[in-house]
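Asks: Structure incoming, see below.
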Amino acid sequence: MRRVTTLFLLVCLVTTGFAPVTAQPTTDSAQAVSPASTSATETLAQTENNSTTLTVLTYNDIQTAAAEDGNLPRLVTLIERRRAAHDNPTVVAGAGDQISPHALSPVSQWRAPVAVLNQIDPDADVVGNHEFDYGLEQMSNVTADSEFPWLATNLVNASTGESFDGTENYTIVEHDGVRVGFIGVVDEGATYGKTNINFSERGLEVQDFREKGPQTAEYLKSEEDVDVVVALAHTGVPEAKELAEADEGNIDVIAVGDDEIKYPPQETSDTVITEGVARAEYLSEVNLIVEGGEVTSWDGRLITVTDDIPKDENASATIDDYRSEVNLDSTVGYSETELNATFAANYHGETGYGNLVTDAMRERVDADVAITNAGGIRSDSVYGPGPITGGDVFNTLPFANTLVSVELTGSELRETLASQVITVESETGQQYGSEISQQVSGVRFDWIPREDADPKIRDIYVNTAGPTEDPNWERLDENETYTVAVNSFMAGGGSSYPLADAPRVETTDELLATTVIDYLQARGTVAPEREGRMQRVTSEVTVDDATVAVDGKGKMVLTMDAPANTTSVDADSFSVVSPGPGSASVSAEQVTYDEAENRLVVRFDEAELAALADGADERELELYGEYDSDDYERAYWSSSRLNADFTANFEDLCAKLVSGESESDDSETSGTADEQAQSVDASATSPASA
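Written out as structure tokens, the structure reads:
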């Protein structure tokens, strides 16, 4: 984007008498880069200084909204309203991931969203990774059914460099004398790893978007005489910034998809970049002042798709017609607890809904362990407590993934679990926070999101009892063989799971959503909760005494050095867990922290600890607790988490319980703890944690 100077614009405004109207204030608005801003509600097609306003409307990642009579029909109405509000050329385009996943994917595939997109009548869209959810061979059918071009500028035939299966390298539209060129790019992260398609084996090449994008934009400006170039980038915002920095002033706007973040229009290297989250939640509007084939200034904003926007009747009718083909509105079960299907919760840690899904998978194929990738749980919504419909399940599990069981050694299972750990030091970790990126059943473990951690998955226990039997947790045997239930996407190596060559035990044709629906219908009512299946640990600490006696005097006290750089602790978060048989958990009675000495004292009530003994003289136990630290800046997580392994000796306690004695010396033990540090007020405000 080339812009004339502010001084020149001011001179033009004074000499022509043109008085610009400022866009209405909104938290999603971006400041115009010069005084010549245009109104967000009314723009002039031709000003007295021969400049023209071009409005660019974009959306991205419609996905699950395609099967709901809600946001998408409202988006259709909003687009028509914004088109009508402007007395100037207006273009509309998408930034990919429009046709999948959604609740109708297993039945009607791309047809429902494409039918609604045809009603929007966009000028172009870009092929995103989810456009391949129905297989590469279906891409020609998608493009044939679409009344608009699908662009794949840098995803091309490896032999010829030409477009494939009905896609196009670029497209040009002209409105009221303004020529607009569209290109569509993806990065390798939005294709490899997010699909099960081996593009190179299928004769396709993903070219570097930083090179192919600017090259095509330069061609459009110099050879095709376009006034404006809009790049539809299914890359995520960080990569879109790389594209802008690699460009030499030819790309004017980059509409982004893939990472699904709220990014109101703003400039990077003279290029406007914007993204509107996902699921038809926002419409991005950018108004460009075009003069002499150059963009001289701009303004823009994100417009929220609110419930008070009326739904387009034709779009609603289209979606309802497709929904009528399947019974999505019937109740399949009830949940007494909240079922969290949000991306943030399922990527970062254990959820009750993730436990429900993996428990159903494990039971269906009688596996030792079940794993599902966090990216396979969609909708970004929360359900329950209350009735759960078939549509709810298909919205959260919309892919045509089927259930598969594979055979893994203990060592391979550890590697499989570790493949999904996102460390805090990684680029993704710095942006979103450390992640475990999966949900599990039949296995419990600690995960350490540090680059220097080896191994990153430790203290693994496997439930060696059947899925419907009382649990029997045993330490992972690296040489033992385990049956692991996964979905077909993972079994093919998707999401970087090392499972493509794993021996198959059972391959079903049953959709994962069907497995969960059957599980709900068989039980009627469920109440899944977080159980500590995946424990995040940022620091390992050592208890002063490796074996601690629980001797029946009333209390058990653990003393240890706190992690380096600790500034405070969350007393309410400390608990001791038995990862073995029973898997019980007991909260700490008191936690004290001596900041000067960096020492921790954690006290437990012996009567409660008796539940962890389970009749044994000794038990391996694990202490967990959250603390605040200035060790690193966090994203998502607001606290660090420590872990300590120790052995509890219950022999004397068990003997006293058997003999009926009840001896307690609370004051003596309590005094010992109070002497070592000042007590932390357990009722004080604590750092939040997920």
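The numbering used here puts the first residue of the sequence shown at 78, with every later residue one more than the last. Even glycine gets a Cβ: it sits at the ideal position worked out from N, Cα and C. Since the structure is predicted, the reported quantities are computational estimates derived from the model, not experimental observations.
#1: Could you check the C-alpha separation between Leu281 and Val459 for me, to the nearest Å?
#2: Enumerate in chain order the residues of its own chain whose CB-to-CB distance from Leu181 is below 6 Å, with the five nearest sequence positions on each side excluded.
#3: Whole angstroms is fine: what's the gap from Asp202's alpha carbon to Ser655's?
#4: In chain order, what residues of the same chain lie with their CB nearer than 8 Å to the CB of Arg151, ignoring the 5 residues before and after it?
#5: Can the beta-carbon of Glu528 be found closer than 8 Å to that of Thr500?
#6: Using 10 angstroms around the beta-carbon of Asp264, count the other beta-carbons present and answer buried if the total reaches 16, otherwise exposed.
#7: Can you confirm whether the region 573 to 588 touches the region 476 to 489 when touching is taken to mean that 3 or more C-beta pairs between the two stretches lie within less than 8 Å?
#8: Using 8 Å as the Cβ pair cut-off and three pairs as the minimum, do the region 323 to 334 and the region 221 to 234 touch?
#9: Would you tell me roughly how many angstroms separate the C-alpha atoms of Gln508 and Tyr136, rounded to the nearest one?
#10: Can you give me the Cβ contacts of Leu700 inside the same chain, cut-off strictly under 6 Å, excluding the 5 residues immediately before and after it?
#11: Leaving aside the five residues before and after Ile274 along the sequence, list all residues of the same chain whose C-beta is less than 7 Å from its C-beta, in chain order.
#12: Excluding five sequence neighbours on each side, which residues of the same chain lie with their C-beta closer than 7 Å to the C-beta of Asp302?
#13: Counting beta carbon pairs with one atom in the region 607 to 619 and one in the region 420 to 432, are three or more of them shorter than 8 Å?
#14: Is the region 163 to 173 touching the region 300 to 319, taking contact as three or more C-beta pairs under 8 Å?
#15: Measuring only the C-alpha atoms, how far is Ala444 from Gly631?
#16: Would you identify the three-state DSSP class for Gln343, choosing helix, strand or coil?
#17: Give every residue of the same chain whose Cβ lies closer than 6 Å to the Cβ of Pro166, excluding the five residues on either side of it in the sequence, and list them in chain order.
#18: Counting only the same chain and skipping the five closest in sequence on each side, list residues whose C-beta sits under 6 Å from that of Phe420.
#19: Starting from Tyr411, follow its DSSP beta bridges and name the residues at the other end.
#20: Looking at the structure shown, is Lys289 part of a helix, part of a strand, or coil, going by DSSP?
#21: Please go through the same chain and pick out, in chain order, the residues whose beta-carbon is closer than 8 Å to the beta-carbon of Leu360, but skip the five residues on each side of it.
#22: Cβ of Lys298 within 8 Å of Cβ of Ile350?
#23: Roughly how many angstroms lie between the CA atoms of Ala418 and Asp595, to the nearest whole one?
#24: Rounded to a whole number of angstroms, what is the C-alpha to C-alpha distance between Thr669 and Phe681?
#25: With a CB to CB cut of under 6 Å and the five nearest residues on each side skipped, what residues in its chain are close to His518?
#26: In its own chain, which residues sit with a C-beta less than 8 Å from the C-beta of Ser217, not counting the 5 before and 5 after it?
#27: I'd like the list of long-range same chain contacts for Lys339, defined as Cβ closer than 6 Å, with 5 residues on each side in sequence excluded.
#28: Can you tell me whether Thr619 is buried or exposed, with buried defined as 16 or more other CB within 10 angstroms of its CB?
Replies: In short:
#1: In this model, Leu281 and Val459 are separated by some 39 Å (Cα to Cα).
#2: Sequence-distant partners of Leu181 (beyond 5 residues in either direction) whose C-beta falls short of 6 Å from its own C-beta, in its chain, are Ala144, Ala189, Tyr399.
#3: One C-alpha to the other measures close to 53 Å.
#4: In chain order, Ala357, Val382, Thr383, Asp384, Ile386, Pro387, Lys388, Asp389 place their CB closer than 8 Å to the CB of Arg151, counting only its own chain and leaving out the 5 sequence neighbours on each side.
#5: It is a contact, given that the beta carbons lie within the stated cut-off.
#6: So Asp264 counts as buried.
#7: Per the Cβ contact rule, the region 476 to 489 is in contact with the region 573 to 588 (3 or more Cβ pairs under 8 Å).
#8: The region 323 to 334 is not in contact with the region 221 to 234.
#9: Cα to Cα, Gln508 sits roughly 23 Å from Tyr136.
#10: Cβ contact annotation for Leu700 (same chain, cutoff 6 Å, sequence separation greater than five): Val653, Ala721, in chain order.
#11: Correct list, in chain order: Phe209, Leu213.
#12: Cβ neighbours of Asp302 beyond the five flanking positions: Arg256.
#13: Yes: the two stretches touch, three or more of their Cβ pairs being nearer than 8 Å.
#14: Here the region 163 to 173 lies against the region 300 to 319, with 3 or more beta-carbon pairs under 8 Å apart.
#15: Taking the straight line joining both Cα atoms gives about 42 Å.
#16: In the three-state reduction of the DSSP assignment, Gln343 falls in the strand class.
#17: Cβ within range, chain order: Leu131, His252, Asp253, Val255.
#18: These residues qualify, in order along the chain: Asp457.
#19: Bridge partners of Tyr411: Pro464, Thr602.
#20: Correct three-state label for Lys289: helix.
#21: Taking Leu360 as the centre and dropping the five residues before and after it, the same chain places the C-beta of Leu134, Thr135, Tyr136, Leu152, Leu155, Ile156, Arg159, Gly353, Leu379, Ile380, Val382 closer than 8 Å to its C-beta, in chain order.
#22: Inclusion of Lys298 and Ile350 in the CB contact set at 8 Å is not warranted, their separation being larger than that value.
#23: Distance between the alpha carbons of Ala418 and Asp595 is about 19 Å.
#24: Rounded to the nearest whole angstrom, the C-alpha separation of Thr669 and Phe681 is 12 Å.
#25: The sequence shown places Ser at residue 518, rather than the His named in the question. Around Ser518: Thr435, Asp436, Arg439, Ala447.
#26: So the list reads Asp242, Gly243, once near-sequence residues are dropped.
#27: So the list reads Val354, once near-sequence residues are dropped.
#28: With fewer than 16 other Cβ atoms within 10 Å, it is exposed.
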